[in-house]
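Engineer: Numbering follows the working numbering, in which position 121 of the sequence shown is assigned residue number 255; successive positions increment by one, without gaps. So that we are looking at the same thing, I have put the structure below in structure tokens.
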Amino acid sequence: MSTSRKYYPARSRRQCSITHAKTSGDRVWIAGRVIELGSPQKNSGILRDEGDEILFLLSQPTDLKIGDIIELYGNWKDKEFLADDYRLLTPAQKDFRQFVSGAPQWLRLLQEPEKRKIFYLRQQIIQEIRNFFLAQGFLEVDAPALVPHPGMEPHLNPFETRFIDANVQSLQTFYLHTSPEYAMKKLLATGFEKIFYLGHCFRNSEVSATHHPEFLMLEWYRAYADYHHIMADCEALITHLARQIKGGFCFRYQNQEIDLTPPWPRMSVAEAMQRFAGVNLKNIRSRDDWIAVAQAKNYDTVDANWSWEDIFFLIFLNEVEPKIACSLAGQARPIFLVDYPAALASLAKRKVDEPNFVERFELYIGGLELANAFTELNDPKEQYQRLLHEQKVRKQLRRPVFEIDAEFITALEIGIPPAGGIALGVDRLIMLLLDKSHLEDVLFFPFRQWIASFGAVELP
Numbered sequence: 135m136s137t138s139r140k141y142y143p144a145r146s147r148r149q150c151s152i153t154h155a156k157t158s159g160d161r162v163w164i165a166g167r168v169i170e171l172g173s174p175q176k177n178s179g180i181l182r183d184e185g186d187e188i189l190f191l192l193s194q195p196t197d198l199k200i201g202d203i204i205e206l207y208g209n210w211k212d213k214e215f216l217a218d219d220y221r222l223l224t225p226a227q228k229d230f231r232q233f234v235s236g237a238p239q240w241l242r243l244l245q246e247p248e249k250r251k252i253f254y255l256r257q258q259i260i261q262e263i264r265n266f267f268l269a270q271g272f273l274e275v276d277a278p279a280l281v282p283h284p285g286m287e288p289h290l291n292p293f294e295t296r297f298i299d300a301n302v303q304s305l306q307t308f309y310l311h312t313s314p315e316y317a318m319k320k321l322l323a324t325g326f327e328k329i330f331y332l333g334h335c336f337r338n339s340e341v342s343a344t345h346h347p348e349f350l351m352l353e354w355y356r357a358y359a360d361y362h363h364i365m366a367d368c369e370a371l372i373t374h375l376a377r378q379i380k381g382g383f384c385f386r387y388q389n390q391e392i393d394l395t396p397p398w399p400r401m402s403v404a405e406a407m408q409r410f411a412g413v414n415l416k417n418i419r420s421r422d423d424w425i426a427v428a429q430a431k432n433y434d435t436v437d438a439n440w441s442w443e444d445i446f447f448l449i450f451l452n453e454v455e456p457k458i459a460c461s462l463a464g465q466a467r468p469i470f471l472v473d474y475p476a477a478l479a480s481l482a483k484r485k486v487d488e489p490n491f492v493e494r495f496e497l498y499i500g501g502l503e504l505a506n507a508f509t510e511l512n513d514p515k516e517q518y519q520r521l522l523h524e525q526k527v528r529k530q531l532r533r534p535v536f537e538i539d540a541e542f543i544t545a546l547e548i549g550i551p552p553a554g555g556i557a558l559g560v561d562r563l564i565m566l567l568l569d570k571s572h573l574e575d576v577l578f579f580p581f582r583q584w585i586a587s588f589g590a591v592e593l594p
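In structure tokens form, the structure reads like this:
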């Protein structure tokens, strides 16, 4: 028997997976991690590789430890792998079982291998998304993650960094993009008509069950289309994914019976605010009106320093959003919440018949906000004025004020066609399809494990 002490060899002699060894019966080399030892002689136990595990029996005693990565030579017979040779590939210097409470996600995948199925399904969903758009003739595009001009939305905070320009020995401020929207619209101006982006975006904000500073974003844009076309895209994409992952349109999510059968209902923001919060948007003309509404609802923290946008979201998030999941006779149906007040969507086109509202929708399924979409504003003068207004709002909120992206305005001046576009949170969509209640359940490396306020993990 080989008992070589040549740890950490550069190569393994593995010839097949454990699953293949079980079915072939051939004498082969297999490899994996020892997860259990069953005798004082340490010559029997359980070996695990990526896809399977096997009971093994060596012909002589060993000095193996739980956690060692080894290779075995032998064959499968009578429900165990009979081995007459082995080699230690990587000795375990720490026992993975000692990290019980507070272990980071990647380590829990070693302790609880059944969790790995989640990530195979995650990758399948991502691949199905990509296949869906490629099959429709969309072009997948790259967008820069590092940009000089972040999104201007008042309630978004970008991550800031410095570029060291060695040529002039100076520092230049850049930001991690909160969305690829500006880049995508510049590409619309060059003549691309159907484009999508599938990649990471960054927002310097809260960490919660549905928020993560780094997240996987899907954005797509259609030239010569509007937000109605994008709603149809949503229905087609998500029902396609449900068929592939769930086997049909109806499934359970967090004890709700979800029914994705299209067409999906639409409800205006004005109707939702009236129905669930008792607020008539058309009667509200000023910030003072909003303050009066909030105080009448006993939101005691609201005072003259609050913007009307903040008051709107306070009421919406507390009284409307929690009820959207089951707004139709108790059924958990997807809902397109459409037509937002114009001040809440500076990049969306105004409604022709109601110019105080814009052609914007958000998609909710099972209580999860999944997507935000517009009929895209393509008038450069109006867009510039709206961005100036957002600069003013950011200043009032005492938040950093960013320069307007001049290239974005130039793209609008060159001209982009009428278009619809959308941003969809892929991690939340994966939560829905895999029946998970927290983003951490579908991420390899959740951010929270590094945050001191949550008790950052310190491994011994």
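C-beta: ideal position from N, C-alpha, C; glycine also.
Might you give, ordered along the chain, the residues of its own chain that have their beta carbon closer than 6 Å to the beta carbon of SER193, omitting 5 neighbours on each side?
Structural biologist: Taken in chain order, the residues that qualify are ASP218.
Engineer: Given PHE197, which residues of its chain have a CB within under 7 Å of its CB, disregarding the five upstream and five downstream residues?
Structural biologist: According to the sequence shown, residue 197 is Asp rather than Phe. Answer for ASP197: LYS176, listed in chain order.
Engineer: Which value, in whole angstroms, describes the spacing of the CA atoms of ARG377 and LEU273?
Structural biologist: Each residue's alpha carbon lies about 24 Å from the other.
Engineer: Which partner residues does LEU522 have in the DSSP bridge list?
Structural biologist: Answer is none; LEU522 lacks a bridge partner.
Engineer: Pick helix, strand or coil for MET286, following the three-state DSSP scheme.
Structural biologist: In the structure shown, MET286 sits in coil (DSSP, three-state: anything other than H, G, I, E or B).
Engineer: Quick one: is ASP539 buried, meaning 16 or more other Cβ sit within 10 Å of its Cβ, or exposed?
Structural biologist: Classification for ASP539: buried.
Engineer: Which value, in whole angstroms, describes the spacing of the CA atoms of PHE190 and ASN389?
Structural biologist: For PHE190 and ASN389, the distance between alpha carbons rounds to 42 Å.
Engineer: Going by CA-CA distance only, name the one from SER158, ALA144 and PRO143 that's closest to CYS150.
Structural biologist: It is SER158 whose Cα lies nearest to the Cα of CYS150.
Engineer: How many Å lie between ARG562 and VAL302 at the Cα?
Structural biologist: Rounded to whole angstroms, ARG562 to VAL302 spans 43 Å at the Cα level.
Engineer: In terms of residues, what are the limits of the beta strand (DSSP E) holding THR224?
Structural biologist: Here the beta strand (DSSP E) through THR224 covers 214–224.
Engineer: Between which two residues does the alpha helix (DSSP H) containing TRP424 stretch?
Structural biologist: Unbroken alpha helix (DSSP H) run through TRP424: 421–430.
Engineer: Does the distance from the CB of LEU567 to the CB of CYS368 come in under 8 Å?
Structural biologist: Cβ distance not < 8 Å, so LEU567 and CYS368 don't count as in contact.
Engineer: So SER441 packs on GLN530, CB below 8 Å; how close in whole Å?
Structural biologist: The Cβ separation is near 6 Å, so the contact holds.
Engineer: Which partner residues does HIS334 have in the DSSP bridge list?
Structural biologist: Looking at the DSSP assignment, HIS334 forms a beta bridge with LEU350.
Engineer: May I ask you to verify whether the stretch 328–335 touches the stretch 348–362, counting CB pairs closer than 8 Å and requiring at least 3?
Structural biologist: The stretch 328–335 is in contact with the stretch 348–362.
Engineer: Am I right that ILE200 and GLU246 are in contact with their C-beta atoms under 8 Å? What's the rounded C-beta distance?
Structural biologist: No, ILE200 and GLU246 are not in contact; Cβ-Cβ is about 16 Å, not under 8 Å.
Engineer: Going by the DSSP bridge assignment, what does ALA165 pair with across the sheet?
Structural biologist: DSSP, once it has assigned bridges, lists GLU205 as partnering ALA165.
Engineer: Can you tell me whether LEU191 is helix, strand or coil according to DSSP?
Structural biologist: Three-state result, LEU191: strand.
Engineer: Residue range of the alpha helix (DSSP H) that ARG264 falls in?
Structural biologist: First-last of the alpha helix (DSSP H) with ARG264: 250–269.
Engineer: Measure the CB-CB distance between CYS335 and SER313 and report whether it falls below 8 Å.
Structural biologist: Yes. Within cutoff.
Engineer: Which runs of the alpha helix (DSSP H), 4 residues or longer, sit entirely within the stretch 520–561?
Structural biologist: Correct list: 540–548.
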